[in-house]
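A short write-up of the structure that comes next.
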Amino acid sequence: MPAEPIGCPPWRIIHHQTLDSTNLEALRLAQQGAEAGTVVAADTQTAGRGRLGRKWADAPGSCLLMTVLVHPPAHCAGLLGAAMALAAAEATSALTGASPAIKWPNDLLLGGRKMAGILAEGPRNGLIAVGIGVNVNGDPDDLPYGLRETATFISHEAGHHIDLHAFRQSLLDRLGAYLQALDEGQSAGVVEGVRRFDCLAGRAIHAQAGSTLVEGIALGWLDDGRLAVRDAAGNETALDGGEVTLI
Ligand code: BT5
Numbered sequence: 339m340p341a342e343p344i345g346c347p348p349w350r351i352i353h354h355q356t357l358d359s360t361n362l363e364a365l366r367l368a369q370q371g372a373e374a375g376t377v378v379a380a381d382t383q384t385a386g387r388g389r390l391g392r393k394w395a396d397a398p399g400s401c402l403l404m405t406v407l408v409h410p411p412a413h414c415a416g417l418l419g420a421a422m423a424l425a426a427a428e429a430t431s432a433l434t435g436a437s438p439a440i441k442w443p444n445d446l447l448l449g450g451r452k453m454a455g456i457l458a459e460g461p462r463n464g465l466i467a468v469g470i471g472v473n474v475n476g477d478p479d480d481l482p483y484g485l486r487e488t489a490t491f492i493s494h495e496a497g498h499h500i501d502l503h504a505f506r507q508s509l510l511d512r513l514g515a516y517l518q519a520l521d522e523g524q525s526a527g528v529v530e531g532v533r534r535f536d537c538l539a540g541r542a543i544h545a546q547a548g549s550t551l552v553e554g555i556a557l558g559w560l561d562d563g564r565l566a567v568r569d570a571a572g573n574e575t576a577l578d579g580g581e582v583t584l585i
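Last residue of the sequence shown: 585 (the working numbering), numbering continuous.
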């Protein structure tokens, strides 16, 4: 990213102690005329959302739960989630020295466990709500029972407490710079960035995208945000969403 994040949207942060979901609140605000650059944050959510109707859990006060309202960039809307993932990976790295992996399409992993997830929804009134949940300070035992083996917190991996506000600011500064680049049609920095943190390229995977099942070697992020996969017969497919499991 540029040393000086010039031209970041002037983020306007609206913070709540409790919300049903920062994504839902952001979409409601968009409906009421909120502008791009609105950021909705909460200490805890009562109905945190994952993809496909799944739930997002949190440990109250210990997680970053945030949604930004943005204009979809004209030519690279498929990279909005990537920009968020990259900003979060870099903020994690900058504050802890730990290097998270980005698992296409929307997960961040530390030590092989999920530390963050991203959910983009909309458009509503021309805006996309890009939400991220990051487990910042805590222990997997702070999460519901079923997640304790698969989830982690940044502090748990880094071995020290992280200033949640500093983390949010670091993430937003980077995100602003990347969104500006995407707006200007400059997507190379985002794509190269997610490739640097990517944990799938070269690995054998199993991918489920809707009713399509693909098994093969992940070739990595394409320039438009899709995932390229080569199957055993040598056919290459580009996935634009779905669930990837490492074999
Ligand atoms: C995601 O969905 O990973 C997207 C999560 C987005 C959450 C943010 S929080 C702020 C904003 N407001 C919202 O309401 N949502 C966004 P998906 O790929 O479908 O993964 C969901 C799955 O992750 C769940 O089914 C669980 O298995 C797992 N999971 C749930 N909570 C988790 C947590 N805190 N840490 C790690 N894994 C979790």
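Every residue, glycine too, gets a C-beta built ideally from N, C-alpha and C.
Worksheet item: Whose CA, out of 529, 371, 578, lies closest to the CA of residue 547?
Response: The option with the nearest alpha carbon to residue 547 is 578.
Discussion item. What I want to know is whether the C-beta of residue 475 ends up closer than 7 Å to one or more non-hydrogen atoms of the ligand BT5.
Written reply: no
Fill in: residue 567 beta carbon less than 8 Å from that of residue 557
Contact flag set, yes.
Item to complete: Measure the alpha-carbon distance for residue 377 versus residue 540 and round it to whole angstroms.
Response: 36 Å
Worksheet item: Grouping DSSP H, G and I as helix and E and B as strand, with all else coil, what is residue 560?
Response: coil
Worksheet item: If you draw a straight line from the alpha carbon of residue 293 to that of residue 470, how long is it in whole angstroms?
Response: Nothing in the structure corresponds to residue 293, since the chain is present only between 339 and 585.
Discussion item. As a quick exercise: from 349, 394, 348, pick the residue whose alpha carbon is nearest that of residue 361.
Written reply: Looking at the Cα atoms, 394 is the closest of the given residues.
Worksheet item: Would the C-beta of residue 563 count as close to the ligand BT5, meaning under 7 Å from any of its heavy atoms?
Response: no
Worksheet item: Counting pairs of Cβ atoms below 8 Å between the segment 420-430 and the segment 516-529, do you hit three or more?
Response: The segment 420-430 vs the segment 516-529: in contact.
Worksheet entry | residue 418: CB within 7 Å of a non-hydrogen atom of the ligand BT5 | no
Discussion item. So, at 7 Å on beta carbons, what are the nonlocal neighbours of residue 465 in its own chain, with the 5 sequence-adjacent residues on each side left out?
Written reply: 368, 374, 407, 408, 409
Worksheet item: Secondary structure at residue 527, three-state DSSP: helix, strand or coil?
Response: helix
Discussion item. What does the alpha-carbon distance come out to for the pair residue 542 and residue 559?
Written reply: Each residue's Cα considered, the two are about 15 Å apart.
Fill in: At least 3 beta-carbon pairs within less than 8 Å: the segment 570-577 vs the segment 449-463
no
Item to complete: Within 10 angstroms of the Cβ of residue 363, are there 16 or more other Cβ atoms? Answer buried if so, exposed if not.
Response: Classification of residue 363: buried, given that the 10 Å Cβ count is 16 or more.
Discussion item. Does residue 395 come out as helix, strand or coil in the three-state DSSP assignment?
Written reply: Residue 395: coil per DSSP, three-state reduction.
Worksheet item: What does a CB cutoff of less than 8 Å around residue 478 pick up in its chain, not counting 5 residues either side in sequence?
Response: 451, 485, 486, 487, 489, 490, 491, 494.
Worksheet item: Buried or exposed: residue 583, going by 16 or more other Cβ atoms within 10 Å of its Cβ?
Response: exposed
Worksheet item: Straight-line CA distance for residue 447 to residue 438?
Response: 5 Å
Fill in: Extent of the continuous alpha helix (DSSP H) run through residue 430
418-434
Fill in: Alpha-carbon to alpha-carbon, residue 391 and residue 576
24 Å
Worksheet item: Among 411, 412, 382, 553, which has the Cα closest to the Cα of residue 405?
Response: Of 411, 412, 382, 553, the smallest CA-CA separation from residue 405 is found for 382.
Fill in: Helix, strand or coil at residue 456 according to DSSP, with G and I counted as helix
strand
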